[in-house]
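For the sequence shown, UniProt numbering gives the first residue as 1, with consecutive numbering after it. Taking it in order: structure first as structure tokens, then the write-up.
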Amino acid sequence: MLESIKSLARQYAADIVQTRRHLHAHPELSFHERNTAQFVAGQLKAIGITPQEGVADTGLVAVIEGRSPNSRIVGLRADMDALPIHEANDVPYKSTIDGVMHACGHDAHTASLLGVARILHVLRDQFDGTIKLVFQPGEEKAPGGASLMIKEGVLQNPAPVSMIGQHVAPNIPVGKIGFREGMYMASTDELYLTVRGKGGHAAMPDNLVDPVLIASHIIVALQQIISRNRPPASPSVLSFGRFIADGVTNVIPNEVTIQGTFRCMNEEWRAEGKRRMVKMAESMAEAMGGSCEFEIVHGYPYLQNHPELTRRLRAQAVDYMGVDNVVDLDLWMAGEDFAFYSQVVDSCFYRLGTRNEARGIVSGVHTPTFDIDESALETGAGLMSWLAVQELRAV
Ligand SMILES: [Zn+2]
Ligand SMILES: [Zn+2]
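Dropping the structure here:
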């Protein structure tokens with residue numbers, strides 16, 4: 001099986017690169033992946049697979065049934081959306097849409113999963129069980145395409161025992177793969193505070209309620225929640241990137257607006273932390289004679305890589321790639337909507353090295369110069385196929 005998969009991946013590699021280039025040149029923003037979905041559907045039909053279209057509007061789900069299809073079901077996920085970034089690369093497959101770019105590698109994920117579909121469709125009489133292919137919209141945008149796909153039943157009928165996802169990694173050299181058991185990526189909640197007081201002449205503070213001072217106290221006090229109430233073993237980040245007090249030297253404004261992000265890797269602490277922050281900000285503002293309106297946009301949960309599943313996949317990756325090419329990942333405080341699957345079903349999200357310093361392919365995701373070493377795509381499709389069939393055999 002290993003050799004069959006490797007040889008098919010090699011055989012299809014050039015086509016997978018072409019698919020990735022097509023997607024790269026025609027990016028679509030989150031939840032607007034109409035042409036992408038149509039393209040994916042067309043590719044699947046050409047392989048001989050009829051997808052279910054229109055799941056969460058622009059998502060697709062398809063199954064590849066092996067022998068005894070109900071014995072075990074494994075789900076594979078790719079995201080399809082691009083970002084509102086203007087591409088700065090001068091490459092033949094440069095984005096043809098001004099201000100929209102596949103700067104997070106979702107073109108590579110989709111092309112790889114189409115490669116997996118082709119490989120496993122050919123090999124379908126050589127494995128037991130069913131592979132469920134999930135092409136989801138809107139990874140980059142709240143509420144996250146994954147959450148909508150789950151609401152529309154993607155984890156049911158048939159219900160996968162595990163979900164596997166991969167993401168390009170511009171910090172990992174091409175040819176290598178990264179895994180991490182347990183906590184991997186953070187929950188992401190957006191915080192919007194409006195602190196209100198009574199503005200006026202800065203020379204007469206006794207007649208005013210100074211929202212700048214209240215807001216400053218709140219910012220400091222909220223960090224205290226992270227240092228004093230957070231379980232010490234639980235990583236958390238609280239950062240405020242916006243603090244607007246629109247006065248001048250001698251004018252105190254009526255209000256201050258603050259925006260920040262709260263990230264962590266524990267759902268109970270996440271809920272508790274937010275509850276404490278709201279209480280702290282509101283009561284502090286009130287104690288100082290003002291008020292604070294605290295809005296939270298609840299984002300993605302934290303991403304938990306199921307330990308046994310991840311250990312199994314890592315061992316299979318070693319068989320496929322060689323021990324030197326499988327690396328351990330650090331915690332990453334960024335968010336990823338694959339986390340929604342990981343909250344429902346045993347899941348593993350691993351990273352596919354796409355960096356090539358010699359060729360200058362080093363830019364991070366979400367930058368206008370992001371690109372991948374496309375030789376990663378053969379691995380992207382081959383390794384994922386191998387992991388999926390091995391996971392069908394796992395007990
Ligand atoms: Zn991204
Ligand atoms: Zn991404």
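For glycine and all other residues, C-beta sits at the position ideal for the given N, C-alpha and C.
Check: residue i C-beta below 6 Å from any heavy atom of ligand 2
i    : result
C348 : no
C292 : no
Residue i Cβ short of 6 Å to ligand 1 heavy atom set
i    : result
C264 : no
P140 : It is worth fixing the name first, because residue 140 is Glu in this sequence and not Pro. Yes, since a heavy atom of ligand 1 falls inside the 6 Å radius drawn around the Cβ of E140.
Reduced DSSP secondary structure (H/G/I, E/B, other) of residue i
i    : result
E357 : helix
S236 : strand
E190 : strand
E87  : coil
V362 : coil
S227 : helix
Y93  : coil
F127 : coil
K274 : helix
S385 : helix
R180 : coil
Q304 : strand
L155 : coil
M280 : helix
K198 : strand
With 16 other Cβ atoms within 10 Å as the buried cut-off, status of residue i
i           : result
T50         : exposed
L151        : It should be noted that the sequence gives Lys, not Leu, for residue 151. Burial call: exposed.
V297        : exposed
K279        : exposed
Q223        : exposed
S112        : buried
L44         : buried
H86         : exposed
I244        : exposed
Q38         : exposed
K355        : Before going on, a small fix: residue 355 reads as Arg here, not Lys. Under this definition R355 is a buried residue.
D324        : exposed
V96         : First, the residue type needs correcting, since residue 96 is Thr and not Val in the sequence shown. T96 comes out exposed.
R77         : buried
D337        : buried
residue 397 : Since the first residue of the chain shown is 1 and the last is 395, residue 397 is not available in this structure.
G197        : buried
H24         : buried
S187        : buried
G42         : exposed
V389        : buried
Cβ neighbours of residue i in the same chain (closer than 6 Å, five flanking residues each side left out)
i    : result
L313 : C348 and L387
S342 : L303 and Q304
P69  : T130
Y192 : Q259 and E295
V237 : R263 and M333
A381 : A9, I16, S112, G115 and V116
A394 : R312
Beta-carbon contacts of residue i that lie in its chain and below 7 Å, excluding the five residues immediately before and after
i    : result
R359 : D373
N250 : H201, A202 and A203
V154 : V55, V61 and V134
I73  : G129, T130, K132, P158, A159, P160 and V161
E140 : S30, D81, L83 and C104
A142 : V297 and G299
F340 : G144, A146, S147, I150, Y300 and P301
R311 : E181
N207 : G200
Alpha-carbon to alpha-carbon, residue j and residue i
i           : j    : result
R20         : G105 : 9 Å
residue 441 : L383 : The question about residue 441 has no answer here: the residues shown for the chain are numbered 1 through 395.
I361        : I172 : 11 Å
S4          : I119 : 9 Å
G175        : V256 : 49 Å
E181        : D81  : 27 Å
H102        : L83  : 6 Å
G299        : N89  : 31 Å
V91         : S291 : 53 Å
L331        : D319 : 25 Å
D328        : Q52  : 36 Å
residue 420 : R230 : As shown, the chain starts at 1 and ends at 395. That puts residue 420 outside it, with no answer to give.
G165        : Y350 : 7 Å
D125        : R276 : 55 Å
P232        : I225 : 12 Å
Residue i CB to nearest heavy atom of ligand 3 below 6 Å
i    : result
A285 : You won't find ligand 3 in this model; what it holds is ligand 1 and ligand 2.
Cutoff 8 Å; reference residue i; Cβ partners in own chain excluding five residues on either side
i    : result
L377 : A13, I16, V17, R20, A108, A111, S112 and G115
L213 : M288
P253 : G199, P211, V212, A245, D246 and G247
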